[in-house]
Amino acid sequence: MHRLVIKQYNGRNQGCGYGATGFSAAVFSGVHLDPLTPFKSNTRCTFGDEELRVIERLREWYISPNCPVERENIQISAEQGGNEVCRTITSGIKRLDLLNGEEYCTIEGQIISIYNSVEIDNRIVLYIWDGPQSNNKQNTVFIGLSQDHLLQLLPYSQHDPHLAALTGHNLQQWNENIVKNYETYTEDLDKVLKSNFSSNSMETFRDWSVPISIYDEYAISEPIVNIKPGDLIRIHNVHVSCSRQKNDQSCGLQLRLHGNGHKFGRGIKHLGNKCLLMNYLNDTLFTSGDDANILDEANRYGLLDNLKSGINLRSPLLKPKCELLPYELQYPLTISQIRNIPVVVNEKQRQLSDWDLLYPIQTEFIPPIPPDSWLTCTDLLLSSSDLNVVYTRLCARVVDIAPLDVKTLKDCLLLTCSNCSFSIRGSSISDDDEALCECGSCLSILPLFFLHLEDPSGNLILTVTGHNAIGLINSLVDDDLRPCINNDAWWTGLIFEMKELQNIGISPDQIVLEQCRRLLGQWIDVAVKISWSRKSIPGTTNTENDNDLQFHINDWNFV
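Each residue of the sequence shown is one higher than the one before, counting from 1 in our numbering.
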């Protein structure tokens, strides 16, 4: 152990290893006949004969009856003469929703998020999933990081936006309270929500992500140091324990991978990256034998089949046609990354000017943003020439939406005139308004919706307006209602409540509000347009709280 800090606790010495002080360690197998070589790690050191003899004596002491260290049960095979520990790994894989307390088992899954807490408490926390959870385990609670701890680790976390939105990762509190604690809902809307969120529909809002804490040498060595969200892994000899929370009678499960368990087969196996699953979902043929073997190993216990089942059960309510998207929009970003795109763009613009010399840059920590993950719009109208505009892709959950009642709906409808630029909110129109604009031109309705989106990294308000709002409602309604949605008179009826224009048995406002309610709690995969003013304050690049920062949903067919 290198740079071990020695402290006293209750009158006795104890060693503490802190990443911040440069602590590192070389770890050897405790099995008696294993080679005297350390496991792979970032520690580089050499060992002489005397050091190796010390390690050998420690091994002999560890397996002796006098060793006070608590050990797991170890099976000794007859062929080994009672000396070497049998290290055969159990062939059974347990599904995450079938785990019980106080057991050691092997699990596998796909990584959703990675929280690096090595500098704080010498561990990395993975959130994984292995497919849909069965209904008989709805009350199983997996104990992970507290909300405060998650926020503390956000700058050092990685997420797959698609998987986080699909599984509902880190939205458990909102998922559980959406129906019973949403006080702003009207009584009628509350009835609709409760009926929509009952039985099978409530399954959409369960958090399918499961946390597992990786400790000690497993947290600082391969393969954990190189894995990414979306990767497929198998974890051997996981300790599942039962823990009761304060003032709670139910038992929560904690999953841990402790250090120094190599003799039990403990460890992490990398099964493949996200592309392997995507190829499996798309029935891509594997031409080489090695690729086929990798696929067979990943699906040896049905992991790929289970993930496919979960993906089919929770498809996004909105999704783009990927064949229409440019290269830069093939993969989504997290909300934190999206909110910081203006920071990166502004910084590049400053580097091309003299602002860097006159005003030192002042910025907070910026999460890594993959290159070529957004598209800059250069063909802007003259009226928009003072704006920066980029396009990117977003996957997130809809945690709130406006409008959700008739009054708010009329506030979100603008009656506009393209000739004289006149506009008025639908809620401001009275019965005695004879002429709404001076030119008397044909007026049109401009709908305006607001989606409050959230993912593990943050939240934002996404604006849906004009033909994008019409397309949004059009994509949600049944086929027989789509001709109404595309009719200007239908939208006019939303403001003037002229149901007779529609020739249908339900009022327009009820149709629109019903589709808005359908969005609540669902996850969406959309192309997003980000715009902000070029007139930024010199020396300041953090635009997260800038009111000029706008997020708009974008139908790529119209770009």
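Ideal Cβ positions, reconstructed from N, Cα and C, are used throughout, including at glycine.
For clarity, every value in this text was computed on a predicted model and none was experimentally measured.
TODO: Please specify which runs of the alpha helix (DSSP H), each continuous and at least 4 residues long, are wholly inside the region 309-344, giving them in chain order.
DONE: 335-339
TODO: Tell whether a beta-carbon distance below 8 Å holds between N567 and G168.
DONE: A query on residue 567 cannot be resolved here, the shown segment of the chain reaching from 1 to 559 and no further.
TODO: Check whether the region 416-423 touches the region 479-494, taking contact to mean three or more Cβ pairs, one atom from each stretch, closer than 8 Å.
DONE: no
- [ ] Starting from T416, follow the alpha helix (DSSP H) in both directions and report where the run begins and ends.
- [x] That residue, T416, is in no alpha helix (DSSP H); its beta strand (DSSP E) goes L413 to T416.
Task: Cut-off 6 Å between Cβ atoms - residues of its own chain near Y9, not counting five sequence neighbours on either side - done: none
Open item on the list: Given a cut-off of 8 Å on the beta-carbon distance, is the pair L453 and G466 in contact?
Closed with: no
Open item on the list: Considering Cα atoms alone, identify which of R44, W208 and E297 is closest to M1.
Closed with: R44
TODO: Taking only runs that begin and end inside the region 9-53, name each unbroken beta strand (DSSP E) of 3 or more residues, in chain order.
DONE: 12-16
Open item on the list: Using C-beta distances below 8 Å, list every residue in its chain close to S198, excluding the 5 sequence neighbours before and after it, in chain order.
Closed with: Caution is warranted here: a pLDDT of 42 is assigned to S198, below 50, making its placement in the model unreliable, and no coordinate value can be reported.
Task: Cβ neighbour criterion (16 or more within 10 Å) applied to G272 - done: buried
TODO: Please decide whether I424 counts as near chain B, where near means a Cβ-Cβ distance under 8 Å.
DONE: This model lacks chain B altogether, as it is built from one protein chain only.
- [ ] State the CB to CB distance for the pair L96 and G109, rounded to an integer number of angstroms; the pair is presumed to be in contact (CB under 8 Å).
- [x] 7 Å
Task: Bounding residues of the alpha helix (DSSP H) (the contiguous stretch that carries H162) - done: P161 to T167
TODO: On the DSSP bridge assignment, give the partners of E102 in chain order.
DONE: E102 pairs with nothing; no bridge assigned.
- [ ] Determine the extent of the beta strand (DSSP E) in which R123 is found, giving its start and end residues.
- [x] R123 to W129
Open item on the list: Can you give me the C-alpha to C-alpha distance between C412 and R266, rounded to a whole angstrom?
Closed with: 57 Å
Open item on the list: Could you tell me the alpha carbon to alpha carbon distance between Q14 and S41, rounded to whole angstroms?
Closed with: 23 Å
TODO: Would you list the residues sitting across from G267 in a DSSP beta bridge?
DONE: H236
Open item on the list: Output needed for N181: all residues of its chain with C-beta closer than 8 Å, excluding positions within five of it in sequence on either side, in chain order.
Closed with: In this prediction, N181 scores a pLDDT of 43, lower than 50, which makes its location untrustworthy; the coordinate-derived value is nonetheless stated afterwards. Once the five neighbours on either side are set aside, N181 has no close Cβ partner at all.
TODO: Consult DSSP for H552 and reduce its assignment to one of helix, strand or coil.
DONE: strand
Task: Contacting residues, own chain, Cβ-Cβ under 7 Å from R3 (five flanking each side not counted) - done: T21, G22 and F23
Task: V477, DSSP secondary structure in three states - done: coil
- [ ] To the nearest angstrom, report how far apart V31 and R59 are at their CA atoms.
- [x] 7 Å
Task: Check whether P229 and H149 have beta carbons under 8 Å apart - done: no
TODO: Would you identify the three-state DSSP class for T140, choosing helix, strand or coil?
DONE: coil
Task: Enclosing beta strand (DSSP E) for D455 [first to last residue] - done: S444 to D455
Task: Terminal residues of the alpha helix (DSSP H) in which K274 lies - done: K274 to L281
Open item on the list: Given a cut-off of 8 Å on the beta-carbon distance, is the pair L375 and V390 in contact?
Closed with: yes
TODO: Between the Cα of L52 and those of S146, P35 and P456, spot the shortest distance and give me the residue it belongs to.
DONE: P35
- [ ] Less than 8 Å between the CB atoms is what I'm expecting for L277 and L304, so what's the real figure, rounded?
- [x] 6 Å
Task: Given N468 as reference, the closest of L520, R517, D509 and F551 once Cα atoms are compared - done: F551
- [ ] Please state whether DSSP places W523 in a helix, a strand or coil.
- [x] strand
- [ ] Leaving aside the five residues before and after L166 along the sequence, list all residues of the same chain whose C-beta is less than 6 Å from its C-beta, in chain order.
- [x] R314
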